[in-house]
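As structure tokens, the structure follows; a few thoughts come after it.
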Ligand SMILES: [Zn+2]
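Residue numbers (the numbering used here): 241 to 301.
See below:
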């Protein structure tokens, strides 16, 4: 079974936020919500989305 992990630190934020999900698509809305709450980023731009996608790591258990 695979899971996908994202750390805010991996896109250069000094932030300990970490989120995981079974599908990468499930991560994006949670990351977008966090970006809004914690970093005042109202809209995730295509640039940022690309950064996030490349920072998402797949783990297989
Ligand atoms: Zn963060």
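C-beta: ideal position from N, C-alpha, C; glycine also.
Within the same chain, Cβ atoms closer than 7 Å to the Cβ of residue 282 are found at 276, the five residues on either side in sequence being excluded. When rounded, the separation of the alpha-carbon atoms in residue 264 and residue 285 is 17 Å.
The bridge partners DSSP lists for residue 244 are 261, 298. For ligand 1, the residues with a Cβ under 5 Å from any of its heavy atoms are, in chain order, 248, 253, 255, 257, 278.
The alpha-carbon separation between residue 274 and residue 301 amounts to approximately 26 Å.
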